[in-house]
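Protein chains in written order, with the numbering used here: chain A, 1248 to 1359; chain B, 2 to 113.
We put the beta carbon where it would ideally sit given N, CA and C, even for glycine.
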């Protein structure tokens, strides 16, 4: 089955800095890669996703890149703000009704 | 629009007592439904998933069970809670044609 590794487990940055979270996956058949943000005491919320036919996707201050050959994908957050502080999860799936496999999460702390 | 409701938000139960957590989905039909658990604020452990009424798949053998009495209703139960059942329980869904997974707001269960 699919295995998703996520690093780092904790990331501490100063407000205004950039943050990068990296994930690797094992199943070359995976073609859908979502990222979730979970604030304290709440359920994870989808913030951005990318499909295997695209190498990069941006949405304001967040971007995701995908390297299918190396089987890794990354989340980039620029100009971080304290409200970006949360746990971020990456995931990989074969799309459709396949159950996504999640990474173990990264706790991002943005210091004002 | 599609929404998911999960309750209660917080629950404190004594060891050995029963459990019933409920999740309902609105705005779609025949969703795939999931129960996840988070321990220690990190990591999403898939407990059960269902692709239709009465169809339940268990990912992890444990003290819990799930049922789907109606198309958009998913229930997590236990006859006798253990201390190790404490955690943050999340219900999630997606429709077959859309791989985006949507989470409920979660239930924080403390077994004392």
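Listed from N- to C-terminal order along the chain, which residues in the stretch 1295-1324 of chain A have their beta-carbon within a distance smaller than 8 Å of any beta-carbon of chain B?
1296
Taking residue 1289 (chain A) as the query, report the chain B residues whose CB atoms sit under 7 Å from its CB, ordered along the chain.
One-based indexing of the first chain puts residue 1289 (chain A) at position 42. What residue 1289 (chain A) touches in chain B: 106 and 107.
With which residues is residue 81 (chain B) paired in a DSSP beta bridge?
Here residue 81 (chain B) corresponds to residue number 80 of the second chain, with the count starting at 1. Paired residues: none, contrary to the question.
What beta strand (DSSP E) runs, 3 residues minimum, are completely inside the stretch 1281-1318 of chain A?
1292-1298, 1303-1306 and 1309-1314
Can you name the start and end residues of the beta strand (DSSP E) that residue 1259 (chain A) belongs to?
Along the first chain, one-based indexing puts residue 1259 (chain A) at 12. From DSSP, the beta strand (DSSP E) with residue 1259 (chain A) extends over 1257-1261.
At the level of alpha carbons, what is the spacing between residue 1344 (chain A) and residue 1322 (chain A)?
One-based indexing of the first chain puts residue 1344 (chain A) at position 97. One-based indexing of the first chain puts residue 1322 (chain A) at position 75. Cα to Cα, the separation comes out at about 24 Å.
Please list, in chain order, the chain B residues whose beta carbon lies closer than 9 Å to that of residue 1293 (chain A).
To locate residue 1293 (chain A), count along the first chain from 1; it is residue 46. Going along chain B in sequence order, the residues near residue 1293 (chain A) (Cβ under 9 Å) are 101, 102, 103 and 104.
Chain B contact for residue 1334 (chain A) (CB, 8 Å cutoff):
Looking up residue 1334 (chain A) in the first chain gives position 87. Yes, residue 1334 (chain A) counts as interfacial toward chain B.
Tell me which residue opens and which closes the beta strand (DSSP E) that residue 91 (chain B) is part of.
Locating residue 91 (chain B) in the second chain gives position 90, counting from the first residue. Residues 88-95.
Could you check what DSSP says for residue 179 (chain B) in three-state terms: helix, strand or coil?
Shown here, chain B extends from 2 to 113; a query on residue 179 (chain B) therefore has no answer.
In the structure shown, what three-state DSSP assignment does residue 1330 (chain A) receive?
Position 83 of the first chain holds residue 1330 (chain A). Three-state DSSP puts residue 1330 (chain A) in a helix.
Nearest to residue 1303 (chain A) by alpha carbon, out of A:1263, A:1248, A:1330 and A:1281?
Position 56 of the first chain holds residue 1303 (chain A). Nearest of A:1263, A:1248, A:1330 and A:1281 to residue 1303 (chain A), Cα basis: A:1281.
Cut-off 6 Å between Cβ atoms - residues of its own chain near residue 6 (chain B), not counting five sequence neighbours on either side
Taking the first residue of the second chain as position 1, residue 6 (chain B) is located at position 5. Taken in chain order, the residues that qualify are 25.
8 Å is my cut-off, CB to CB: does residue 1268 (chain A) come that close to chain B?
Residue numbering aside, residue 1268 (chain A) sits at position 21 when the first chain is read from its first letter. Not closer than 8 Å to any Cβ of chain B, the Cβ of residue 1268 (chain A) fails to qualify, so no.
Could I get the ranges of all uninterrupted beta strand (DSSP E) runs contained in the stretch 29-64 of chain B, with 3 residues as the minimum, in chain order?
For the stretch 29-64 of chain B, the full-length beta strand (DSSP E) segments reaching 3 residues or more read 33-40, 43-53 and 56-59 along the chain.
At the 8 Å Cβ level, is residue 1344 (chain A) part of the contact set with chain B, yes or no?
Position 97 of the first chain, counted from the first residue, corresponds to residue 1344 (chain A). Residue 1344 (chain A) counts as touching chain B.
Whose C-beta lies closer than 6 Å to the C-beta of residue 14 (chain B) among residues of the same chain, with five residues either side of it excluded?
Locating residue 14 (chain B) in the second chain gives position 13, counting from the first residue. Within the same chain, residue 14 (chain B) has close Cβ partners 82 and 112.
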